[in-house]
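Under this note's numbering, the first residue of the sequence shown carries the number 2, and numbering increases by one thereafter.
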Amino acid sequence: MKAAILLAPQHIELRDIAQAEPAVGELLVRVRVALTDGTDLKAYRRGHPKMPMPTRFGHEFSGDVIATGAGVHDFAPGDAIACVHTAPCGECYWCTQAQEELCSRLMRTMLLGAYAETIIVPAHIVARNLFHKPENLAYEAAAFLEPLACVTHAWDALRIQPESCVAIVGNGGFGLLHAMVAKALGVREPLIIGRNQERLDLARTLHLGRVVDTKTEDPLTVIRECSEGRGADIVIECTGAREIWELAPSLARRGGTVVLFGGLPTGEVVAFDAQRLHYDEITLRSPFHLTPRSVRRAFDFLTSHQIDPRPLISARRPLHELGPAFADLLSGKGVKVAILP
Ligand SMILES: [Zn+2]
Ligand SMILES: [Zn+2]
2 MKAAILLAPQ HIELRDIAQA EPAVGELLVR VRVALTDGTD LKAYRRGHPK MPMPTRFGHE
62 FSGDVIATGA GVHDFAPGDA IACVHTAPCG ECYWCTQAQE ELCSRLMRTM LLGAYAETII
122 VPAHIVARNL FHKPENLAYE AAAFLEPLAC VTHAWDALRI QPESCVAIVG NGGFGLLHAM
182 VAKALGVREP LIIGRNQERL DLARTLHLGR VVDTKTEDPL TVIRECSEGR GADIVIECTG
242 AREIWELAPS LARRGGTVVL FGGLPTGEVV AFDAQRLHYD EITLRSPFHL TPRSVRRAFD
302 FLTSHQIDPR PLISARRPLH ELGPAFADLL SGKGVKVAIL P
């Protein structure tokens, strides 16, 4: 079977590799859709500390079960599935503290390699974070389970009302998913702040909220207009840029919450106005990854069709065009590409 191997930054090779058999508890899955993601793009651009090269990569996917390992009873060949690429162990200190996103084994046991014709899903994921995909849920929508679960995890701790002023800074795939979740949770008009024209237009077309174009508008002015001058109840930073992390608290109201969602490169240091944080009681949160609970919530959003993320797919390409797909994304074109192996 064919699999894409990342040999070095910006160097992908499609290789024929031997088809492994599923071991106990595992599934062999034919990948139907694999999505590009910011993490994969980062790995493609400059490498990734968690993905030493050469490596198979790609982690957002949906597909069909081809074969099952011994001991698998809930799934059978032919079943369509949706899953995420990690699952907590359930035994470590963090798992026992209901902080499964920090499970000490999570990153060591994550599943990479969705940019391929087939993939073996390990037993711990099959047991906790893998679902039957209903027929009326498209494979392309099901492949969003992982990024959507990261977003629902971030929303787990937020208190909102329909009139809440929610300012989403950054309008890439994650910013737009945050807007979709905000709407699904009843926020009347989230603010989507960005500058990439294609993505601003997409947010407008999808009626995801009030679109703020930073090329022509000052976000703080708009936020004040929408909040009787107070500032945003919730600011969600989705750019992964240090300046925006540092700017985010200034957009929040007194007592507001800032969600620092877009991870920064290793070694990056940020500075905040301590007076503002303390006397205005700004809460900073930096949610990481997902939990089985947030995966379930994301799955429910998808299967109930409250959220249809498919418009975020800006192109569909075969596996051998993975390199050109990333090159386009690097140049700022598109949001997410669906790879159809
Ligand atoms: Zn654990
Ligand atoms: Zn992802």
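Ideal placement from N, C-alpha and C gives every residue a C-beta, glycine not left out.
For clarity, every value in this text was computed on a predicted model and none was experimentally measured.
{"Asked": "Check whether Pro191 and Ile169 have beta carbons under 8 Å apart", "Found": "yes"}
{"Asked": "Runs of alpha helix (DSSP H) lying entirely within the segment 13 to 97, each at least 4 residues, in chain order", "Found": "39 to 47, 94 to 97"}
{"Asked": "Cut-off 8 Å between Cβ atoms - residues of its own chain near Leu313, not counting five sequence neighbours on either side", "Found": "Phe145, Gly174, Leu177, Leu178, Leu203, Val336, Lys337"}
{"Asked": "Identified DSSP bridge partners for Lys337", "Found": "Ile314"}
{"Asked": "8 Å Cβ cutoff, Val66 in contact with chain B", "Found": "Included in the structure is just one protein chain, with no chain B present."}
{"Asked": "Under 6 Å, CB to nearest heavy atom of ligand 2: contacting residues", "Found": "Asp38, Thr40, His60, Glu61, Glu147, Pro148"}
{"Asked": "Those residues which DSSP pairs with Ile126 across a bridge", "Found": "BP columns for Ile126 are empty, so no partner."}
{"Asked": "Rounded Cβ spacing between Gly64 and Arg16 (contact assumed at less than 8 Å)", "Found": "Wrong, their Cβ atoms sit about 19 Å apart, outside the cutoff."}
{"Asked": "Three or more C-beta pairs below 8 Å linking the segment 123 to 133 and the segment 81 to 99", "Found": "yes"}
{"Asked": "Buried or exposed (CB count within 10 angstroms, at least 16 for buried), Ser332", "Found": "exposed"}
{"Asked": "C-alpha gap between Leu320 and Asp41, whole angstroms", "Found": "14 Å"}
{"Asked": "Pick from Ile121, Asp309, Pro123, Val270 that is closest to Leu209, judged by C-alpha positions", "Found": "Asp309"}
{"Asked": "DSSP state of Lys184 mapped onto helix, strand, coil", "Found": "helix"}
{"Asked": "Cut-off 8 Å between Cβ atoms - residues of its own chain near Leu186, not counting five sequence neighbours on either side", "Found": "Trp156, Ile161"}
{"Asked": "Residue(s) in a DSSP beta bridge with Ala9", "Found": "His12"}
{"Asked": "Beta-bridge pairing of Arg286 - partner residues as DSSP gives them", "Found": "Val260"}
{"Asked": "Helix, strand or coil at Arg255 [DSSP, three-state]", "Found": "strand"}
{"Asked": "Cβ-Cβ distance between Thr110 and Leu29 below 8 Å", "Found": "no"}
{"Asked": "Any heavy atom of ligand 1 within less than 5 Å of residue CB: hits in chain order", "Found": "Pro89, Cys90, Cys93, Cys96, Cys104"}
{"Asked": "Coarse secondary structure for Ile308, derived from DSSP in three states", "Found": "coil"}
{"Asked": "CA-to-CA distance, Pro220 to Gln198, given in whole angstroms", "Found": "16 Å"}
{"Asked": "Where Glu238 falls: helix, strand or coil (DSSP)", "Found": "strand"}
{"Asked": "First and last residue of the uninterrupted beta strand (DSSP E) at Asp281", "Found": "Asp281 -> no beta strand (DSSP E), and no H or E assigned at all."}
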